[in-house]
Amino acid sequence: MLKNCSRFYSAVAKSNKQLLDEFYQYHTTRMNLRPLIYRPKNATLLRSMDLKDPETNKPIQPREPMKPLKKQVLNNFVQEIPQGSKELMDFLQKWFKVSNRKRELFAFLEGSHLQVMLVASLFRIGHYSHVLGLLHSYQSKVVGTGNTKAYDQDRFFNTVLMCSLLRNDLKDLKDAEIGLKKLKVNWGKVTEKNDTLGLTQPLLEAYANQQGISKEDLVLKGRETISNINLPSIGDESRFSRLVTFITENKYTYFLARTIQKFSESCPSEIETFINEYKNALTTLKKDDEYDWSVQNMTEVNKIPEETKQETETQEETQEQ
């Protein structure tokens, strides 16, 4: 009977949210109860003990054995959240509120997750400032559990810079003092300084130019070296599978590069070359440019009624700082 149940479970496709909920439930279940609940051989014993779920007060039922959760599941979940939904904020608050002792939940997070959350909330879902505020608020808790890689320079910090450039332009926000303060706050959250693509410097220069920050003030504590630009290249490759891999793996690098091109006084030639190769790959594959669509959609997502604009901007500054 238990074998048949296992076959049934494996045959049913689960949503990304279900997989995340099960992962969360497993790691928030008391360790001494996990063998009883998650091992099929203990199902009869579990039922005989009449244990109650503290939240529902219903008897705890045997659960399917927990399998390792792929990192991509969280990114897929975020990308499925509809525009205007607060589901991402609810997820973060639920995930982060657990005890620091649940290290597996915090260890699961990585830079790509934060990048996808920021991009999705800016371009499609909405509530960007609140999402960034939550990521700021819980950074010390994540780092305190031993995960120092999630808040990285390559994906977290560079993506925040990109989003700041686009939002400031959309909302016509320009203030050197406030801009520098926010920049230093965001940099202060970085615990993994890994500018492997070399895009931090051109992003910083574009941001400084936009906000009127002088080069003398554009000094970030702990940033000792400026990396050379090192972007992937597809060259003359024309095979369909390689082109698909290239545009898929480098989607957010392309977003960063296009933003630098948009706001830079003089876009580095290496970035121009990468952009052209990426666009050529899109053309060959007959795919739309997702960056263009995203920037256009951002305008719709971030429309604010005039009478509430001032109040909202005040709240956003508080969240981001």
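Under full-length UniProt numbering, residue 321 is the last one in the sequence shown; the count climbs by one each step, no gaps.
Built from N, CA and C at the ideal position, the CB exists for glycine as well.
Just so you know, these numbers come straight off a predicted model, no measurement behind them.
Inset, instruction - Using the Cα positions of M49 and N42, report the straight-line distance between them to the nearest angstrom. - result: Taking the sequence shown and counting its residues from 1, the one referred to as residue 49 is at position 49. Taking the sequence shown and counting its residues from 1, the one referred to as residue 42 is at position 42. Using only the alpha carbons, I get a separation of about 11 Å.
Inset, instruction - Counting only runs of 4+ residues fully inside the segment 102–144, write out the alpha helix (DSSP H) ranges in chain order. - result: List check, alpha helix (DSSP H) in window: 103–108, 111–120, 128–137 and 139–144.
Inset, instruction - Return helix, strand or coil for K94, following the three-state DSSP convention. - result: Here residue 94 is taken as the residue at index 94 of the sequence shown, counted from 1. Shown here, K94 sits in a helix according to DSSP, grouped into three states.
Inset, instruction - Give the DSSP bridge partners of D152, in chain order. - result: Indexing the sequence shown from 1 puts residue 152 at position 152. Bridge partners of D152: E192.
Legend entry - Inter-stretch contact (C-beta, 8 Å, three-pair minimum) for the segment 25–32 and the segment 92–112: yes
Legend entry - Endpoints, the alpha helix (DSSP H) within which E205 is located: Within the sequence shown, residue 205 is the residue found at index 205, counting from 1. Per DSSP, E205 belongs to the alpha helix (DSSP H) from T200 to Q211.
Legend entry - Contact check, T208 vs L220, beta carbons under 7 Å: Reading the sequence shown from its first residue, position 208 is the one you call residue 208. Reading the sequence shown from its first residue, position 220 is the one you call residue 220. Inspection of the sequence shows that residue 208 is occupied by Ala rather than by Thr. For A208 and L220, no; Cβs fall outside 7 Å.
Inset, instruction - Please name the residue in V98, I226 and Q83 whose C-alpha comes closest to that of G126. - result: Here residue 126 refers to the residue found at position 126 when the sequence shown is read from its first residue. G126 has its Cα closest to that of Q83, out of V98, I226 and Q83.
Legend entry - Assumed close pair I229, I271 - CB separation to whole angstroms, cut-off 8 Å: For the purposes of this step, residue 229 is taken as the residue at position 229 of the sequence shown. For the purposes of this step, residue 271 is taken as the residue at position 271 of the sequence shown. With 8 Å as the limit, I229 and I271 qualify as a contact, their Cβ atoms being about 7 Å apart.
Legend entry - CB of F96 within 7 Å of CB of Y138, strictly: For the purposes of this step, residue 96 is taken as the residue at position 96 of the sequence shown. For the purposes of this step, residue 138 is taken as the residue at position 138 of the sequence shown. Yes.
Inset, instruction - Count the other C-beta atoms from every protein chain shown that fall within 10 angstroms of the C-beta of G133, then say buried if there are 16 or more, exposed otherwise. - result: Position 133 of the sequence shown, counting from 1, holds the residue named residue 133. G133 should be labelled buried.
Legend entry - First and last residue of the uninterrupted alpha helix (DSSP H) at N75: Here residue 75 is taken as the residue at index 75 of the sequence shown, counted from 1. Per DSSP, N75 belongs to the alpha helix (DSSP H) from Q72 to E80.
Inset, instruction - May I have the straight-line CA-CA distance separating S269 from E277, to the nearest angstrom? - result: Taking the sequence shown and counting its residues from 1, the one referred to as residue 269 is at position 269. Taking the sequence shown and counting its residues from 1, the one referred to as residue 277 is at position 277. Their Cα atoms are separated by approximately 12 Å.
Inset, instruction - Just the C-alpha distance for P65 and F108, rounded to the nearest angstrom, thanks. - result: Locating residue 65 in the sequence shown gives position 65, counting from the first residue. Locating residue 108 in the sequence shown gives position 108, counting from the first residue. Distance between the alpha carbons of P65 and F108: 19 Å.
Inset, instruction - State buried or exposed for F240, treating a residue as buried only when at least 16 other CB atoms are found within 10 Å of its CB. - result: As a working mapping, residue 240 is identified with position 240 in the sequence shown. F240 should be labelled exposed.
Legend entry - DSSP state of K182 mapped onto helix, strand, coil: As a first step, residue 182 is located in the sequence shown; it is residue number 182 there, counting from the start. Taken through DSSP and simplified to helix, strand or coil, K182 comes out as helix.
Inset, instruction - Report the three-state DSSP secondary structure of K41 (helix, strand or coil). - result: To locate residue 41, count along the sequence shown from 1; it is residue 41. Three-state result, K41: helix.
Legend entry - Whole alpha helix (DSSP H) elements within the segment 229–269, 4-residue minimum: 240–249 and 251–263
Inset, instruction - Provide the residue span of the alpha helix (DSSP H) that contains S294, from first to last. - result: Here the question's residue 294 lines up with position 294 in the sequence shown. Run containing S294: E290 to V301, per the alpha helix (DSSP H) assignment.
Inset, instruction - Determine the closest residue to I37 out of Q61, G198, P54 and L19, with distance taken between C-alpha atoms. - result: Taking the first residue of the sequence shown as 1, we reach residue 37 at position 37. Measuring from the Cα of I37, the nearest candidate turns out to be Q61.
Legend entry - Residue burial classification, Q153 (beta-carbon count within 10 angstroms, cutoff 16): Translated into the one-based positions of the sequence shown, residue 153 becomes position 153. Buried, since its Cβ has 16 or more Cβ neighbours within 10 Å.
Inset, instruction - Find the nearest neighbour of L197 within the set N32, F157, E177 and G222, judged by alpha-carbon distance. - result: Numbered from its first residue, the sequence shown carries residue 197 at position 197. The residue among N32, F157, E177 and G222 with its C-alpha nearest the C-alpha of L197 is F157.
Legend entry - Rounded straight-line distance, which links the Cα of D195 to that of R223: Walking along the sequence shown from the start, residue 223 turns up at place 223. Walking along the sequence shown from the start, residue 195 turns up at place 195. If you take the alpha carbons of R223 and D195, they lie about 10 Å apart.
Inset, instruction - Out of G146, I260, T159 and R63, state which residue places its alpha-carbon closest to the alpha-carbon of F274. - result: Translated into the one-based positions of the sequence shown, residue 274 becomes position 274. Minimum Cα distance to F274 is reached at I260.
Legend entry - Reduced DSSP category for P35 - H, G, I as helix; E, B as strand; rest coil: The count along the sequence shown starts at 1 and reaches residue 35 at position 35. Helix, per DSSP.
Legend entry - DSSP beta-bridge partners of K52: Stepping through the sequence shown from its first residue, residue 52 is reached at position 52. Its beta-bridge partners are P59.
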